[in-house]
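This report refers to the structure that appears directly beneath it.
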Amino acid sequence: MVNRILYEKAKINGCNMAVLKTLLYLFVYPGILFLFVYSTFCEWVDRKVYARLQNRYGPLHTGRAGILQPIADFIKLLSKEDIVPEKADKGMFSALPVFGLTIVTLVAMYLPLWHYSVGTVSFNSFPGDLIVVAYLLTLPTLIFFLAGWHSSNLFSTLGGARVLTMLFGYEVPLLLAVLSPAILADSWRLAEIANFYQARPLLLLVNIIGFFVALICLQAKLERVPFDIPHAETEIVGGTFTEYSGKKLAFFRLMADIEMVVGSGLIATVFMAGFPGGLIWGLINFIIKTLIIIFLLSVMRAVTSRIRIDQMVNFSWRWLAPLAVLQLLIVIILKGILK
Amino acid sequence: MAEFQVPIGPQHPALKEPISLRMTLDGEVIKDADLKLGYNHRGIEKLAEERNYIQNLYLTERICGICSNSHAMCYCQGVEKLMELEPARRGLFIRTLVAELERIHSHLLWLGIAGHEAGFDTFFMYTWRDREVVMDLLEIISGNRVHYSINTFGGARRDIDDLQKQKILDGMEVLRNRTNYYLNIGVTEPTFIARLSGVGKLTKEQAVSLCAVGPTLRASGVPRDVRKDDPYAVYAELPFEVCTADSCDVLGRAVVRIKELIESYKMCEYLVKNLPVGEIKVKAPRRVKENEVISRYEAPRGENMHYIKSNGTDKPERLKVRAPTLANYAATIEMLKHGFVADIPLIFAAIDPCICCAERSVTLIDSKTGEEKRMFFSQLRKWSIEYYTKKPKLTGVTWPF
Amino acid sequence: MTDENIINKIKDTLQSKVIEITNPAPRRIFVKVNRENLLETVKFLKEQFSFTHLSTITGVDKGENFEVLYHFANEFSVVTIRILTPRAEPKIPSICEIIPGAILYERELPDMFGIIVENIPDSRTLLLPDGWPQGAYPLRKDWKYERPPEIIPGEE
Amino acid sequence: MKTKFAAFLPEIIRHLFKRPATVRYPFEKLQVPKDFRGTPVFDSAKCIGCMICVRDCPAEAIDIIRVEDVINPDAPDKPKKKFKMLLHNDRCIHCAQCVESCPTDTYIMNTDYEIAVFNRHRLKIEYK
Amino acid sequence: MFERLIRWSRLKSPWILHLNSGACNACDIEIVAALTPRFDLERFGVLLKATPRHADIIIATGPATRQMKDRLIRIYEQVPEPKFVVAVGSCALSGDVYRGAYNILGGIDQVIPVDAYIPGCPVRPDTVINGVYTLLKSLEKK
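Chains as they are written, first to last, in numbering that gives the first Met the number 0: chain A, 0 to 338; chain B, 0 to 400; chain C, 0 to 155; chain D, 0 to 127; chain E, 0 to 141.
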């Protein structure tokens, strides 16, 4: 509510308050503070669901039912000794975690969390922001690759190589799958897409194939089983993060968590009609919808085994890309009929 | 495309034991493999010459933690032959029962590890949860979860009562259901199959010429099993079949092990139901006449062989232990070649390596490695850039939908 | 195929090359040959009875001599070929050409006993840790190991 | 062999609604079987000092030390030999061979297994 | 306040690295068994990590073999501070049945400093939990 009041005040007071508003956006909601709390919560949900599917409890004694576990991990890593390997490129090695964190937080800004309607949009929404989000979401992958590369450890390098190889596989299907609802909605603006489907919820069923393609691609982007090839611990130890420790590792873990939130937020916006209902209801909508997606991701993680890198690329091009194209065709045909 | 080397081990998460594998890679494809052991070498054979027969019983048991009964029982049978001792029949039944229970625990463990290496942690968790059933049975029989110490010269150390019998039968029933589930449903999971099938090919001829043993050999279609070929303990009167598979890959090895599990349940039930009455052990002498003996045993991983030479004192003159893992190394190197990096742990796990067994006195390096080729980082970078410009290699493996 | 079959056939074919042949237990046959006749015997066993599975090679320190035992196994029995090699000149031929899987076990002999295996495909030192002293062969009877004192950290 | 996508799904979903198989271990002690092999316990009254246990112990964990003799009230001229035992629990492998070897039943195994310490000297147990 | 927060986080999130140097495998499988559903060490926030850089507690099994000595020290140095070493199993404590073998140096504490000792041959999974739990409890008091 504080935000809401500030928002109203800002309208009256003009540009001074606009700065404050922007700061609030950046640091409180939907910025860093909210993302930090919510992403750690999501990690807890993910770990807990994964453990329960395996007939275990998962984190239990840190806070209530282990809910503070990711935060404890984060703080502990912050307080640990920070080692930069001698051979590593020191500047890049230290800068990359911060870059990564910045990028994913930036992407979160573009999610239409704050949009009441198309009329009153927030400061950062503009036509074509879907493309920007899709583009920015590619960057964390690049960061992972560079992180592996600049560790100059064999396993990290191998992990980095695998990150890029995988990128070729899932990026195109993901983009195609995300674009098809946009084409149906006739807009490249996330808020407008969400609005379009809020008005016509039945049309969401058309995109069901695309939804699943996007879900699988998101799993690959987040590098989780069955696509955790870049840091498959039984093969290449810690993969890209082998040499990272302390604060930098903490940032990377936080980054991966936020990426998960942002990715599921993107899918929820595009395929599940966004988050209508203003500040409070929008937030509740956001939480419910992203949690559904995170639950699906956890189940996927539990039922599959890791596949090989060649199988992964093979799979993307043989199944995911054609399915995404099929989805696109369906959408185009349907659009013709609707007109 | 240039080659570069990846060292795996001695401390590596896929290998719970220290071993050093040096892989020469071409992209993601393994060109050559080189093994360096010795990290786990403790010198047990020398130690055995300084200890008396009873102490050696526990020493051999601790050659390996997973197949602990195998080594102890193999040694025990050998010494009994040296002592010219006829062990008590009830004791033999109990021994065999523990041996089969150990096979069950080892194979379940292997299934879980295979799942873990393939990144399928759920499968790993389930099999290990089921494994706890058999661990509990072993604990109530012997008083320890892993090192059972059930063998002694002349029979078994502990008896089984009716309550324990009932518990064993119940446990077998639970495990049989679970194993059937894994056989029918578990191995139809496509991502799992995709990881296992076609990996680590070892043809029948290769398997025979490289002296492979155990499930590795049987998965290549060679029905060789010491329990059938050279029956010891009470195996001669037990109903069981030797399980084989013809696929010659990791999937075949998994199937062989699951089938063996079902055979083992059958054997355990038979042993419990037909347990003879009588003493569990006979008294054994401390000193042993001068003689020599070869004792063979089918451990969960394959043939286990002990050569014991006595010299008339209470200490052996020479104890030679050949663990199954060692026999499978030569085959492993052959299997690793032309595989993918991702397959290293799987192939290596497929022989169910027990490095501690193999290394009680031996180190080995592949003969075919030739000179080592090392790359500097700059070269590696160049190589990698080249690698990205090309399309990733695709082999004949298809996505089995 | 029984033990007698194997024994008779070995006796018939190799005749005087066999020094001693014993059958102490069912399925266990010990054949003693000269060092020079080892390769021939191994080849004969492999071709005649398909003894392709070499279980292991054992070395034993017998004071004056080293005894080397080659344990072969097939479905029917275990045949052990026993050869002696003098301590002063411990040399044996490699059987890797006939049985490729023997390489592992032949590695063990030079390190543990100092027995020289001739024509071995790979003669790198392989056993024992890096920096092990030259000329120390652990399984020789005259080699003794002095245990270093154990220091338990922490106060009593 | 026919493959099914996500063949494990029904089983896994079933487990979501099942109680986990986890024991509440550090808060509730686990039951061990009655003849569990824990730590050996020595009864000095029964020991005759034959040293068979020392000879048979595979891990050099037992030291039997002779302490000053006690006067035997029945035969004052023949003092009864008295022994104490030093158990190195950091070496003990809990095999219970000492129980088996001992001719006078001096040893029994208890069921203690939670014996973690911070100082190795604490693991040396003296039975008088 | 800040110090307390850090201590709390350290206690609640001990990540372990499993290190085997010549053990007989029994302790190793029992440690892995401690992570599986029946004992589930993750309840206490314990995760088994693959690389020494991520770990807080080294769980060492097996007697220190001669060949492994340098690697043990190297891995110990790679773990960022604060770090703890827990020796698990009788052989990691003293060398156990291998005492006097030519290729071992004795327990792990002959090579790297050890903070807690968990005896047992092999160690039961619940003893591992107990040992880690007592180590954490004792750190809480400090």
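Beta carbons are placed, not taken as given, at the ideal position from N, Cα and C, and that holds for glycine.
Beta-carbon proximity of residue i to residue j, cut-off 8 Å
i: Lys28(D); j: Leu85(D); result: no
i: Thr38(D); j: Asn88(D); result: yes
i: His146(B); j: Ser69(B); result: no
i: Val127(E); j: Val84(E); result: no
i: Arg317(B); j: Glu48(B); result: yes
i: Thr110(D); j: Arg55(A); result: no
i: Leu16(E); j: Lys48(E); result: yes
i: Gly164(E); j: Ala115(D); result: Since the displayed chain E opens at 0 and closes at 141, residue 164(E) lies outside it and no answer follows.
i: Glu148(E); j: Pro58(A); result: Residue 148(E) cannot be examined here, being either before or after the span of chain E that is shown, 0 to 141.
i: Leu183(A); j: Val162(A); result: no
i: Glu149(C); j: Gly105(E); result: yes
i: Tyr97(E); j: Pro121(E); result: no
i: Trp43(A); j: Leu129(A); result: no
i: Thr215(B); j: Ala330(B); result: yes
i: Ser12(E); j: Ser78(A); result: no
i: Leu174(A); j: Ala133(A); result: yes
With 16 other Cβ atoms within 10 Å as the buried cut-off, status of residue i
i: Ser263(A); result: buried
i: Met0(E); result: exposed
i: Arg123(E); result: buried
i: Thr105(D); result: buried
i: Leu178(A); result: buried
i: Pro180(A); result: buried
i: Phe376(B); result: Residue placement at Phe376(B) is poorly supported in this model, since its pLDDT is 35, which falls under 50; the coordinates still yield a value, given next. It counts as exposed.
i: Ser105(B); result: buried
i: Arg18(D); result: exposed
i: Gln378(B); result: Residue confidence for Gln378(B) is low, a pLDDT of 37 falling below 50, so the modelled location carries little weight and cannot support an answer.
i: His120(D); result: exposed
i: Ile336(A); result: exposed
i: Gln218(A); result: buried
i: Val36(A); result: exposed
Option nearest residue i by Cα separation, candidates the options
i: Ile208(A); options: His230(A), Lys220(A), Pro172(A); result: Pro172(A)
i: Asn485(B); options: Leu46(B), Asn51(B), Glu259(B), Lys30(B); result: Shown here, chain B extends from 0 to 400; a query on residue 485(B) therefore has no answer.
i: Asn22(C); options: Ser76(C), Lys90(C), Arg86(C); result: Ser76(C)
i: Thr12(C); options: Arg26(C), Glu46(C), Ala24(C), Arg34(C); result: Glu46(C)
i: Ala25(E); options: Pro36(E), Leu46(E), Ser89(E), Val78(E); result: Ser89(E)
i: Ser148(B); options: Val133(B), Lys272(B), Arg94(B), Gly199(B); result: Arg94(B)
i: Ile103(B); options: Ala329(B), Arg194(B), Gly77(B), Glu259(B); result: Glu259(B)
i: Leu135(A); options: Tyr109(A), Ala146(A), Gln53(A), Phe125(A); result: Tyr109(A)
i: Gly99(A); options: Ile336(A), Leu253(A), Thr268(A); result: Leu253(A)
i: Phe7(D); options: Tyr296(B), Met171(B), Phe119(B); result: Phe119(B)
i: Gly77(B); options: Asn327(B), Arg89(B), Leu216(B), Thr59(B); result: Thr59(B)
i: Ile111(E); options: Glu145(C), Ile151(C), Val78(C); result: Ile151(C)
i: Ala304(B); options: Thr40(C), His70(C), Glu35(C), Thr1(C); result: This sequence places Met at residue 304(B); Ala is not what is there. Of Thr40(C), His70(C), Glu35(C), Thr1(C), the residue nearest in Cα terms is His70(C).
i: Leu15(D); options: Gly147(A), Asp88(A), Gln68(A), Tyr49(A); result: Tyr49(A)
i: Phe240(A); options: Trp14(E), Phe43(E), Ala115(E), Arg52(E); result: Arg52(E)
Cβ separation of residue i and residue j, assumed to be a contact under 8 Å, to the nearest whole Å
i: Phe92(A); j: Ser150(A); result: 7 Å
i: Ile114(C); j: Phe65(C); result: 6 Å
i: Phe152(B); j: Ala283(B); result: 4 Å
i: Thr178(B); j: Ile257(B); result: 6 Å
i: Ile346(B); j: Val255(B); result: Not really, about 15 Å apart at Cβ, beyond 8 Å.
i: Asn73(C); j: Phe50(C); result: 5 Å
i: Arg41(B); j: Gly21(E); result: 6 Å
i: Ile102(A); j: Leu138(A); result: 5 Å
i: Val30(C); j: Arg81(C); result: 7 Å
Item to check | Start-end ranges of the alpha helix (DSSP H) lying completely within the segment 218-243 of chain B, minimum 4 residues | outcome: 225-228
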